[in-house]
Amino acid sequence: MELERRVLDRERLGWQRKDDVDSTRIPQHYFDYLRGGPVAPLAGVVRHNQMDLRGLAALFGKINRMLSDSADRLGEYDSLDLFGLSRFFERRGDSARADIACAQALALGLPGDVRGRAQRGLAGMAKRRGEYERAAGIWEEMVRDSGDEVHACEQLAIYYERRAKDSERALEYAKLGLARLRRQRTAPSGHAHDPSLASRLARQEKHLVERSARLERKAPPRSSRAPRRGAPGAAEPKANSALW
Numbered sequence: 001m002e003l004e005r006r007v008l009d010r011e012r013l014g015w016q017r018k019d020d021v022d023s024t025r026i027p028q029h030y031f032d033y034l035r036g037g038p039v040a041p042l043a044g045v046v047r048h049n050q051m052d053l054r055g056l057a058a059l060f061g062k063i064n065r066m067l068s069d070s071a072d073r074l075g076e077y078d079s080l081d082l083f084g085l086s087r088f089f090e091r092r093g094d095s096a097r098a099d100i101a102c103a104q105a106l107a108l109g110l111p112g113d114v115r116g117r118a119q120r121g122l123a124g125m126a127k128r129r130g131e132y133e134r135a136a137g138i139w140e141e142m143v144r145d146s147g148d149e150v151h152a153c154e155q156l157a158i159y160y161e162r163r164a165k166d167s168e169r170a171l172e173y174a175k176l177g178l179a180r181l182r183r184q185r186t187a188p189s190g191h192a193h194d195p196s197l198a199s200r201l202a203r204q205e206k207h208l209v210e211r212s213a214r215l216e217r218k219a220p221p222r223s224s225r226a227p228r229r230g231a232p233g234a235a236e237p238k239a240n241s242a243l244w
């Protein structure tokens, strides 16, 4: 908790805590004082609590400004703050503002482990609003970025089968997703020690196997299929609509 507060003050507020007391030592300072120890260490405890309260007040002010600012001023904020803001808006049911904040966060640049989550969230919001082509463009971006690519391939397979009515393209993405999922499962990444993750991957594999089999039955014979440009796995994947 102490480390998180220090990081919060430094990274989100631009503050450095000076001469701060380690919070793990605070109970001991109180016990020492009650047993007749010196009172001087308690001054550091008061200062520590003061910095906590000041930080919370500043953080509240910053969040309040972000909630009040218009969309054209969001570029003034850090991308991670904007991604957090988009999740807040989404939980409140304000999908329009969530979309704007998430798109701006991605445009400014997010760390790799967060970028995939933001892309998945933005594509999901677009899909729920019926903006299927835009969602497909983001999923294709995810495949190229190698961020949550199995989910992106599964969603693209659904999109091309149900919306674009392109069974061949849907089959390509279903097979690509299946191949990458199986590669994930065999990689030494600790999936076997995470039952929930292993169960999720097993469900995804089952869905992709079933979808691939169904699409294989619907697809024309392989000898009659025309060569496709931009197929999954090619050096230059086909570009869909713009990300935003």
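Residue numbering for the sequence shown follows the UniProt record's numbering, starting at 1 and increasing by one per position.
Glycine included, C-beta positions come from ideal geometry on N, C-alpha and C.
Only a predicted model underlies this, so the values are computations on that prediction, with no experimental measurement involved.
Backbone CA spacing between residue i and residue j [nearest angstrom]
{"i": "Glu11", "j": "Asp81", "result": "10 angstroms"}
{"i": "Leu13", "j": "Glu168", "result": "51 angstroms"}
{"i": "Arg17", "j": "Ala57", "result": "15 angstroms"}
{"i": "Arg47", "j": "His207", "result": "57 angstroms"}
{"i": "Leu85", "j": "Arg217", "result": "45 angstroms"}
{"i": "Asp72", "j": "Arg134", "result": "22 angstroms"}
{"i": "Glu141", "j": "Glu154", "result": "14 angstroms"}
{"i": "Arg92", "j": "Leu34", "result": "47 angstroms"}
{"i": "Thr186", "j": "Asn49", "result": "49 angstroms"}
{"i": "Ser199", "j": "Glu210", "result": "17 angstroms"}
{"i": "Asp19", "j": "Gly36", "result": "24 angstroms"}
{"i": "Asp78", "j": "Gly112", "result": "15 angstroms"}
{"i": "Ser23", "j": "Leu108", "result": "35 angstroms"}
{"i": "Tyr30", "j": "Ser196", "result": "43 angstroms"}
{"i": "Ser70", "j": "Glu90", "result": "17 angstroms"}
{"i": "Ile158", "j": "Asp194", "result": "28 angstroms"}
{"i": "Val7", "j": "Pro41", "result": "24 angstroms"}
{"i": "Arg115", "j": "Ala101", "result": "13 angstroms"}
{"i": "Tyr132", "j": "Gln28", "result": "59 angstroms"}
Closer than 8 angstroms to chain D by CB, residue i
{"i": "Pro41", "result": "Given the protein chain composition of this structure (a single chain), no chain D is represented."}
Three-state class that DSSP yields for residue i in the structure shown
{"i": "Gln16", "result": "coil"}
{"i": "Val21", "result": "coil"}
{"i": "Ser70", "result": "coil"}
{"i": "Pro111", "result": "coil"}
{"i": "Asp9", "result": "helix"}
{"i": "Arg35", "result": "coil"}
{"i": "Pro220", "result": "coil"}
{"i": "Ala202", "result": "helix"}
{"i": "Ala187", "result": "coil"}
Member of the options whose CA lies at the smallest distance from the CA of residue i
{"i": "Arg87", "options": "Ser79, Leu197, Asp113 and Gly121", "result": "Gly121"}
{"i": "Val150", "options": "Tyr173, Arg128, Tyr132 and Arg129", "result": "Tyr173"}
{"i": "Arg144", "options": "Arg180, Gly93 and Gln50", "result": "Arg180"}
{"i": "Arg129", "options": "Asp94, Arg115 and Ala101", "result": "Asp94"}
{"i": "Ala219", "options": "Glu131, Tyr160 and Trp139", "result": "Tyr160"}
{"i": "Lys148", "options": "Pro38, Leu201 and Leu8", "result": "Checking the sequence shown, residue 148 turns out to be Asp, not Lys. Ranking the options by Cα distance to Asp148, first place goes to Leu201."}
{"i": "Ala152", "options": "Asp9, Leu176 and Trp139", "result": "Trp139"}
Beta-carbon proximity of residue i to residue j, cut-off 8 angstroms
{"i": "Leu178", "j": "Ser146", "result": "no"}
{"i": "His52", "j": "Arg117", "result": "Sequence inspection shows Asp at residue 52; the His mentioned does not correspond to that position. Against a cut-off of 8 angstroms, the Cβ pair of Arg117 and Asp52 comes out as no contact."}
{"i": "Ile63", "j": "Val45", "result": "no"}
{"i": "Trp15", "j": "Gly55", "result": "yes"}
{"i": "Leu215", "j": "Ala170", "result": "yes"}
{"i": "Leu74", "j": "Gln104", "result": "yes"}
{"i": "residue 280", "j": "Phe83", "result": "With the chain covering only 1 through 244, there is no way to say anything about residue 280."}
{"i": "Leu106", "j": "Ala136", "result": "no"}
{"i": "Met125", "j": "Asp99", "result": "yes"}
Residue i: CB within 7 angstroms of a non-hydrogen atom of the ligand ADP
{"i": "Pro220", "result": "Judged by which ligands are present, the structure shown has none, so any question about the ligand ADP falls away."}
Tell me the start and end of each unbroken alpha helix (DSSP H) in the stretch 120-170 that is at least 4 residues and wholly inside, in chain order.
-> 132-145 and 149-162
Counting only runs of 4+ residues fully inside the stretch 42-110, write out the alpha helix (DSSP H) ranges in chain order.
-> 79-92 and 95-108
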